[in-house]
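Below: one structure, written as structure tokens.
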Amino acid sequence: MAKKTTVICFSNNKGGSGKSTTCANVGYALTLLGKKVLMIDGDMQLNLSLSVFSDEEVLEMAKSEKNLYYAIKNQKDLSDYIVNTPYENLDLVPSSTLMSSVEYELFTKWQREYILKKCLSKVKESGEYDYILIDSPPTLGGWALNIFCASDKLIIPVEASPWGLFGIQNLFEFIGEAKEIANDLDVMGIVITKVNERKNYFRQTVETLKEIESVYLFDSYVRIDANIEWAQDNSMPVIAYKKSSRSANEFIELAKELDARAAE
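Adding 1152 to a residue's 1-based position in the sequence shown gives its number in my numbering.
Now the structure itself:
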């Protein structure tokens, strides 16, 4: 019997939210829970790809035609663009710097809002993966809309800082508009990242987010941890880099909470 595959996108139109870091580490953590995961790097900054491959490997994939840009450009089945990562049960569709022109590529296409959904349909229907996680760009436009239309659920990472909530109202307005054509899209919840519990920003962020009606706030959050940066410098998820670290445990708890909510 084929698995039920859940597609979750991580999105925030503000840069520095910890979006790619959260996507990569939750993806890896889910494999430790016995899940098979496909990650899709939808951002031209390539950060998700760099979370599991070296700079040289990512640049090589970006130069080749085995990346997301060419799949979208040619409207091809994503099965042909999947690469195995060094980690068991964790695969990736890498990005390319050419994704900067994806909006133009979409503009000329018929039913352009659904191109990623069509490219992803065979992979999703195959049931090979428990989860497909998509890292969205920090922008709101045609490509972000494509990702929303291809997703079942959406997670919003928010940085616990004075500027962390800047623009979140615009994001929710965009989500509302997207739901007019992506009827089944469910806002799974908000995850607070880059937490420093000694500062008031964290408490202020929590209080503000709790005021947003009908949006779940994950109990799990991720604190600032130098191990995350060291892991990124080594092109590894922090859990693989140092499983005993505080942030590794926090990402595992977040993955457990996500998995439980996805099953509801």
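Just so you know, even glycine gets a beta-carbon here, dropped at the ideal spot from N, CA and C.
Residue nearest to L1200 within the set L1242, E1349, K1270 is L1242 (criterion: CA-CA distance).
Between D1195 and the set S1273, Y1283, V1367, L1292, the nearest pair of CA atoms involves L1292.
The beta carbon of K1225 sits closer than 7 Å to the beta carbons of E1257 from its chain, once the five residues preceding and following it are set aside; these are given in chain order. Residue burial annotation: W1295 is buried, with at least 16 other C-beta atoms found within 10 angstroms of its C-beta. DSSP, reduced to helix, strand and coil, places N1352 within a helical segment of the structure shown. For the pair S1206 and I1364, the Cα-to-Cα distance works out to about 39 Å. With the rule of 3 Cβ pairs closer than 8 Å, the region 1312 to 1329 does not count as touching the region 1211 to 1231. Excluding five sequence positions before and after K1155, the CB atoms of its chain that fall closer than 6 Å to its own CB belong to G1279, D1282, given in chain order.
By the neighbour-count criterion, in which 16 or more other beta carbons inside 10 Å mark a residue as buried, G1328 falls on the exposed side. With contacts defined as CB atoms closer than 8 Å, F1354 and E1409 fail to qualify as a contacting pair.
By the Cβ-count criterion, S1203 is buried, with 16 or more other Cβ atoms from all chains shown falling within 10 Å of its own Cβ. Counting only runs that start and end inside the region 1324 to 1392, the beta strand (DSSP E) elements of at least 3 residues fall at 1338 to 1345. Between I1342 and V1374 the beta-carbon gap is near 12 Å, outside 8 Å, which marks them as no contact. For the pair of segments examined, the region 1178 to 1187 was found to touch the region 1386 to 1406: the number of CB pairs separated by less than 8 Å reaches three.
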